[in-house]
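Step one of this worksheet: look at the structure below.
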Amino acid sequence: MRITPASELQNRVHALQSLMQEAGLDAVLMLQSADLFYFTGSIQQGLLYVPDSGDPIYMVRKDYTRARMESGLKEIVAFRSPKDLPGILADFGRSMPKTVGLELDVLPVSLYQRLRKVLGDAQVGDATHLIRTVRAVKSEYEIEIMKDAALMVDQVCQHAAEIIRPGMTDLELAAELEFTARKKGHQGITRMRGFNSELFYGHIFSGADSAAPAYLDAPLGGIGVNPSIGQGASYKRIEAHQPIIVDFAAAFDGYLVDQTRIFCIGELPADLQKGYDDMLAIEKHLKQIARPGISWGDLYESCYNLACEMGHKEHFMGAAGAQVSFIGHGVGIEVDEYPFIAKGFKDQLLKEKMTFAFEPKVVYPGKGAVGIENTFWVEDDGLKHITFTREEVFIID
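Residue numbers (UniProt numbering): 1 to 397.
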């Protein structure tokens, strides 16, 4: 178990404060678990107050003792409710801020209303973009943790090749692989920021189930075990010559990587193998053009156009009518971070040390889906692989 170094936290806070000063914010208040973990090293329940300069104050309701053990911040205090904020700031010689940023993309309205009363006449703005911008650029420390997660997901795939057999259900395969990951330190939670977005260890499904659309903002969804879940593995039995998708998020020491590999008992049908080869070619194209300074939207447009030229427009990134408008997504503490390799986003530029998963996939209705997914980090000379499992289809004899 890693404890985030105090120097890491300090660098992150300073990066946020620089953006706050540009945006004219006196302070940012954070409550969401992923943001708390990033800036404090802990997810103990409370408020993080970040001024535009000086030390942040981590106000902890539960559990204060654990927060003291887990966080490298200097100023950690116990508190009972947001109403304590003015008094705590006064204890540190600080007045109430005049402009405050909040996580308006995730903050429940009820909490917002409570904070709004406490903040009085302060002007309230959205700090979401600032927070996500800072989090998008990873440190060497973060990338090393993600490399450890990549080792885990590779071991999961190697184990899959050993245990897949005709007649086992997708759910049985998922359970075996999740058990393997858990024994190797998978934290058991895959965080997503989007409203009503939920994810377990990932998606494992085969044949026509892999082509089934679902509510989740993802190219593939699966049937799931019941309508209350509506995604993922089902009781479908694995058959020969059908694609078996192992789309697995390995989450370790707070950080995750996302990887997809294709397995098959015997050979894939020729049309699906052609589709898979095309998805590999799109990934290769991405690696040829992705450099710091290119816009996220231009990356998407170039790769999407290539998929269309290959004849996949109707079923690229989802079945017709259920397609998503992205091919890649940032990963780190959450699976839906900046950058988004997505339609639009022409003003958002790729930067060194950003990390993202790229997942070109194509659906064949009634047959299944194929595709590839890897997690990369950005360097000056291009993309570097974090995930590294071999990319050829795993053929099971």
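Where is the CB? At the ideal position from N, CA and C, for every residue including glycine.
On the CB-based measure, 16 or more other CB atoms within 10 Å of its CB, does residue i come out buried or exposed?
| i | result |
| --- | --- |
| H14 | exposed |
| E239 | exposed |
| A27 | buried |
| T389 | buried |
| F316 | buried |
| F39 | buried |
| G202 | buried |
| R2 | exposed |
| R182 | exposed |
| H385 | exposed |
| D209 | buried |
| Q242 | buried |
| Y235 | exposed |
| G275 | buried |
Looking at residue i and the ligand SAH, is the gap between the Cβ and the nearest heavy atom below 7 Å?
| i | result |
| --- | --- |
| G93 | With respect to the ligand SAH, the structure offers nothing, as it holds no ligand at all. |
For residue i, which residues in the same chain have their Cβ closer than 6 Å to its Cβ, ignoring the five residues on either side in sequence?
| i | result |
| --- | --- |
| S33 | I43 |
| R237 | G167, T169 |
| R114 | P82 |
| P213 | G221, A319, A322 |
| E314 | A320 |
| L216 | Q231 |
Taking 8 Å as the cut-off, decide whether the C-beta atoms of residue i and residue j are in contact.
| i | j | result |
| --- | --- | --- |
| T260 | D247 | yes |
| I164 | I395 | no |
| A211 | P365 | yes |
| I204 | A174 | yes |
| V109 | V124 | no |
| E31 | L89 | The residue asked about is misnamed: residue 31 is Leu in this sequence, not Glu. The answer is no: Cβ separation not under 8 Å. |
| G29 | L16 | Checking the displayed sequence, the identity of residue 29 turns out to be Leu instead of Gly. No, these two residues do not count as a Cβ contact at 8 Å. |
| E283 | I372 | yes |
| S206 | I244 | yes |
| M96 | A122 | yes |
| P56 | Y49 | yes |
For residue i, which residues of its own chain have a beta-carbon under 8 Å away from its beta-carbon, when the five flanking residues on both sides are left out?
| i | result |
| --- | --- |
| F200 | E178, T190, G232 |
| A86 | The sequence given here places Pro at residue 86; Ala does not occur at that position. If we look at P86 and ignore the five residues flanking it on each side, its Cβ neighbours are M96, V118. |
| V257 | M146, A149, A150, V153, A249, A250, V331, A357, T375, I386, T387 |
| H186 | M152, E178, Y201, A250, A251, F252 |
For residue i, I'd like the list of residues in its chain whose CB is within less than 7 Å of its CB, leaving aside the five on either flank, ordered along the chain.
| i | result |
| --- | --- |
| T4 | G41, G72 |
Query raised in the report: Looking at C-beta atoms only, is the number of pairs between the segment 346-360 and the segment 322-329 that lie closer than 8 Å three or more?
Result: yes
**Report entry** Within the UniProt domain "Creatinase N-terminal" (12-137), ranges of the beta strand (DSSP E) (whole runs, at least 3 residues)
**Finding:** 27-30, 45-51, 57-62, 75-78, 99-102, 123-126
Report task. Go through the segment 292-367 residue by residue and report every complete run of the beta strand (DSSP E) that reaches 3 residues or more, in order. Result -> 326-330, 337-342, 355-358, 361-364
Query raised in the report: When the Cβ atoms of the segment 190-208 are set against those of the segment 242-262, are three or more pairs found closer than 8 Å?
Result: yes
**Report entry** Segment contact flag, the segment 205-225 with the segment 137-146, C-beta cutoff 8 Å, min 3 pairs
**Finding:** no
Report task. For the segment 120-136 and the segment 330-342, state whether three or more C-beta atom pairs, one from each stretch, are separated by less than 8 Å. Result -> yes
Report task. Could you tell me whether the segment 290-297 touches the segment 374-383, using the rule of 3 or more Cβ pairs below 8 Å? Result -> yes
Query - beta strand (DSSP E) runs wholly inside the segment 164-242, at least 3 long, in chain order - result: 202-206
Query raised in the report: Does the segment 262-272 come close enough to the segment 295-304 that 3 or more CB-CB pairs lie under 8 Å?
Result: Because the criterion of three Cβ pairs below 8 Å is not met, the segment 295-304 and the segment 262-272 do not touch.
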